Amino acid sequence: MGSSGVVIQFDDVSKCYNGRPPTLLRTFSRFFTPSIDSAGNGSGGKQSEFWVIRHLSFEVEHGETLGIIGSNGAGKSTILKLIAGITAPTTGRLAVEGRVGSLIELGAGFNQDLTGRENIYLNAAVLGLTRREIEQRFDRIVAFSGLKDFLDTPVKYYSSGMYARLGFAIAVHMEADILLTDEILAVGDAAFQRQCYEKFQELKASTTIVFVSHDLARVKEICTRVLWINEGCLERIGKPNEVVDAYLEFVRLEREQKLKGIRPLGPEPGVRRWGSGEIEIVKVTTHDGHGQPRTVFRTCEDLIVRICYQVHRPFRDPGFGVKIHTADGTCIHATNTFIRATRVTINAEAGAIEVRYSKLPLLAGQYWLTVGVASENNWSAPYDVRESVQQFEIVTTHPSVGFIVLDHEWSVTGYVC
Amino acid sequence: MKDHLMRLIRYRGLLWTLALGELKARHRQTALGVLWALVQPVSMMLVFLTVFSVFVKVPVEGVSYAVFAYTGLLSWLFFANSLSLGSSSIVANMSLITKASFPREVIPLSRVLTVSFDFLVGATILGVLLILSEVPVSFAWLAVPGILAIQIMFTTGLVLLVSALYALKRDIGSLLPLILQIWMFLSPVVYPVQVIPEQYRTLYMVNPMAMILEAYRNTLLRGTLPPPELIVPSLTLASVALVMGYVYFKAVELRFADVM
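First to last, the protein sequences are chains S and L. Each residue of the first sequence is one higher than the one before, starting from 1 at the first, in this note's numbering. Each residue of the second sequence is one higher than the one before, starting from 1001 at the first, in this note's numbering.
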C-alpha cells in the first residue's frame, strides 16, 4: 500500500435500481460476452427504473477524510455500498484499492445465538480477516470493547450499548485501508462515545475515511474534503467550510421555496384570531438583518419581525406583542412593547412596527409567530391577536439539541459533593 | 473466474466460521444436541422398514431392508437437506449481504458444510448397521469417498443455482419441497432399481441421484466397484451442474443486495 495516490475512483458511475429482472438466458449470455449490454445512460428504458446515482465522478486520495452530505435519498448510502462492493455500478467504472472496512450498522453480522467470542470470529471473518489475523487482534478487540466478562454470553443477552461496543471494536481493529462510516459516533454512552471518537481521530491519521453524516458540524470538524450529492448527482466537492455553507444555503432556499408554495395568502380558516378591531394587524413578515424578506434562517442570524397594522377606530395607549412558539404551542419567547417600556406612537392610518432579535439563538426546527396589539397591556381584551400568523424555519450546524443555544462550558472538578 | 476462486479461498475462514456457528446455534439449548442429526434418517428408516418390509414386501437382494433403506436415506437426506437449507440461505442472511462485501457463495456453501456434518454423524449408524447385517468388508468401500465427491459436486452446483434463484424469485421456496418429494420417489432411495420395469430403466437412470445411489449400494452392500456406466455420466452431470451453478451464482450475486 502506497502512502499517497488515488484509492477510490468513481468514473462516470451511475446506479439504477429495479431494472429488468435477470433471466437465466440473459445472465448466461452476458457472463460469456460481458460487454453486450452496458449501454444504459439514465434516459429511456423502462419506467420502473430508478437512477439513484447519475454520472458521478470523483477521486479520493490516500489519507483523506471525505465527508458526504446531502438530503435523505440523495444517494449517500448508495455511494458507501458501491465503495464497499456490496452493490455494483450499473454503468461507469469504479476502482477501489485496498481493503474496505465498514462501520455501517455495527454488529449487523452478529448471530444472536452465538457468544461474544464466537461473534468476534464470525464478524471479523465477514469483514475479510483470516483466522490468524483475527487471533492476532483478538485481545485488542476484547480490551477495546471492555466486554471481557461477557465474552461467553450469547449476544442476544447483550444490551444495545454492548452490542455496538463489540461491533465497533471489531470494525476498527480490522486495520482496513479504507473505512466507511455513518453516524456511528453517536451510539452508546458518553464514555464509549469519547473512546470511539479518540479511536476515530487515531485512525484518521493512517486511514482513508469516507464519512456520511447529517451532522454538519461534525463534518466540518473532522473531514478534509466534503462531497455534496443532490438527487444522485455531484453538486459540489471541495473544502468542508465552503461545501457545507453552500449546502446550507441551498437547503435554506429550497425550504423557502417550499414554504412559499404551501402558504395561503388570505386569512387561514383554522387560525384563531380575536380582538375588538380598533387596530388591525394586517400582515406579519420575517426579514433578515438587512431587511430582506426571508423565512428560513440559520442559528444566530438576526431576525426582524415586521408587523403592518391599520387603524379603524379611535384607540388608547396601544402596544404590540410577539410570541415565538412551536407548532404545539410551547412558548419559546414572548415580549411586548409594554414590558420593554417602548412607547408606541401611531399617527397615520396605517403603519408598521418592527422587533429585531439579534443573533437569534434558536436551534433547528419550525417556529411560529403569534402577534397581537392591545391597549395598556390588557391582553384579555385586545384590539387584535393573530395566532400562528407567520412561520419561519431554522437550519443549523450547531451540535446542540433542543430549542435554544445556551453558552456553556464543561469542566471536570473531581469529587467535591 | 480465477479471481473469484482466489477470493473464495481467501474467505475459507468465513466458510468454516459460518458453518460452525450454524451448528453451534442449532444445537445450543437442545437436550439431544448433536444426536438430533440421527433422528431424521433413523426415524425415516424405521417408517419405511415398517411399510416396505412388513405391510408390503419389497424384494431386496442379499441384505436386510434396514441397511438397504438407510444407505439410500442417508445419502438422499444429505442431498435434500442441503438443497432445502441452502436455498433459503441467501435470503436468511440478508443482513450480512446488504452490509458487508464477501464472496456470497460462502453462505450456501456453509449450509452444505453444516448438512455434511449431519451426514457424518448419520454415517456412524450406517457403520453399525453394516456390522449388524454382517455385510462383508470389501476393498470396494475405498471408492465411497469418490462417489461422495460426485454427490457433493452435484449438490453444491444445485444449491448455488437454487439459492441464487430463490434470492431473485421467491417462487422457488414453495416449489422446492414439492420437487424434492417427487424426486425422492423417482429415485431408488427406499426401493431397489429392480422394481422399475425393464423398458423404463434407461430413462429412470438419467437421474444423477439414481446413479449415485446405485453406486453407493454397489460398493457398500454388494462389495463391487461401481461400473463406468454409473460413474462417467454422473461425474459429467455433476461437473456440469457445479460449473453452471457457480457461473450463474457469480453472475447474479451483486444483485442480491439490490433486490432486498
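Virtual Cβ for every residue (Gly too), placed ideally from N, Cα, C. The model shown is predicted, which means the values in this text are computed figures rather than measured ones.
Backbone CA spacing between residue i and residue j [nearest angstrom]
i, j, result
"S:S43", "S:Y17", "With a pLDDT of 40 at S:S43, under the threshold of 50, the modelled position of this residue cannot be trusted, and the question is left open."
"S:I304", "S:D384", "20 Å"
"L:L1023", "S:I120", "17 Å"
"S:E278", "S:R386", "14 Å"
"L:V1039", "L:A1257", "36 Å"
"S:N450", "S:S213", "In the structure as shown, chain S starts at 1 and stops at 417, and residue 450 of chain S therefore has no counterpart that could be examined."
"S:A169", "L:V1091", "27 Å"
"S:D407", "S:I229", "33 Å"
"S:L203", "L:L1126", "56 Å"
"L:L1264", "L:L1237", "Outside the modelled stretch of chain L, which goes from 1001 to 1260, sits residue 1264 of chain L, for which no answer is possible."
"S:R272", "S:W368", "13 Å"
"L:S1110", "L:L1015", "5 Å"
"S:V371", "S:A74", "38 Å"
"S:E49", "S:E231", "15 Å"
"S:R356", "S:F144", "52 Å"
"L:N1218", "L:S1187", "15 Å"
"S:E97", "L:R1104", "20 Å"
"L:P1041", "L:F1048", "11 Å"
"S:T342", "S:E393", "28 Å"
"S:V219", "S:G70", "12 Å"
"L:S1234", "L:Q1181", "21 Å"
"L:F1055", "L:M1153", "37 Å"
"S:E235", "S:S102", "25 Å"
"S:V322", "S:P314", "23 Å"
"S:H287", "S:A381", "29 Å"
"S:N72", "S:Y197", "25 Å"
"L:K1250", "L:L1165", "12 Å"
"L:F1052", "L:Q1151", "26 Å"
"L:G1062", "S:D113", "47 Å"
"S:A334", "S:R225", "42 Å"
"S:D446", "S:V7", "Absent from the structure is residue 446 of chain S, since the part of chain S shown begins at 1 and ends at 417."
Residue i: first and last residue of the uninterrupted beta strand (DSSP E) it sits in
i, result
"L:V1128", "Per DSSP, L:V1128 belongs to no beta strand (DSSP E); it is in the alpha helix (DSSP H), 1106-1132."
"S:I332", "331-336"
"S:Y357", "350-357"
"S:S71", "Where S:S71 is concerned, there is no enclosing beta strand (DSSP E), given that its DSSP letter is neither H nor E."
"S:F50", "50-61"
"S:S102", "100-102"
Own chain, CB closer than 8 Å to residue i, minus 5 neighbours either side, in chain order
i, result
"S:T153", "T115, G116"
"S:D11", "S57, G92, R93, L94, A95"
"S:V344", "P318, G319, F320, T337, I353"
"S:V405", "T299, C300, P361, L362, L363, H398"
"S:T326", "I332, G365, Q366, Y367, W368, F403"
First through last residue of the alpha helix (DSSP H) which encompasses residue i
i, result
"S:G18", "Reading off the sequence shown, one finds Asn at residue 18 of chain S, where the question assumed Gly. No alpha helix (DSSP H) holds S:N18; DSSP gives it neither H nor E."
"L:K1250", "1228-1252"
"L:V1047", "1036-1050"
"S:V219", "216-222"
"L:H1027", "1012-1027"
"S:Y309", "Segment 303-311 is the beta strand (DSSP E) holding S:Y309; no alpha helix (DSSP H) there."
"S:D384", "Not the alpha helix (DSSP H): S:D384 falls in the beta strand (DSSP E), residues 384-395."
"L:G1072", "1065-1087"
"L:S1095", "1094-1097"
"L:F1256", "1256-1259"
"S:T78", "76-84"
Own chain, CB closer than 7 Å to residue i, minus 5 neighbours either side, in chain order
i, result
"S:P89", "V13, S14, K15, L82"
"S:K199", "V172"
"S:I86", "none"
"S:K76", "I68, G70, V212, I229"
Beta-carbon contacts of residue i that lie in its chain and below 6 Å, excluding the five residues immediately before and after
i, result
"L:G1157", "A1241, L1242, G1245"
"S:P399", "A217"
"S:F421", "The question about residue 421 of chain S has no answer here: the residues shown for chain S are numbered 1 through 417."
"S:T396", "T299, L363, A364"
"L:L1263", "This structure gives no information on residue 1263 of chain L, because the portion of chain L shown stretches from 1001 to 1260."
"S:A124", "I134, I170"
Supposed contact pair residue j and residue i - C-beta distance, whole angstroms, cut 8 Å
i, j, result
"S:V100", "L:S1101", "7 Å"
"S:T78", "S:I53", "6 Å"
"L:S1075", "L:I1212", "7 Å"
"L:S1163", "L:P1108", "4 Å"
"L:L1129", "L:V1067", "4 Å"
"S:G67", "S:C223", "4 Å"
"S:V243", "S:I237", "7 Å"
"L:V1190", "L:G1072", "6 Å"
Legend entry - alpha helix (DSSP H) runs contained entirely in the region 1160-1216 of chain L, provided each spans 4 or more residues: 1171-1185, 1201-1204
Legend entry - Ordered list of alpha helix (DSSP H) runs contained in the region 110-196 of chain S, each at least 4 residues: 116-126, 131-145, 160-172
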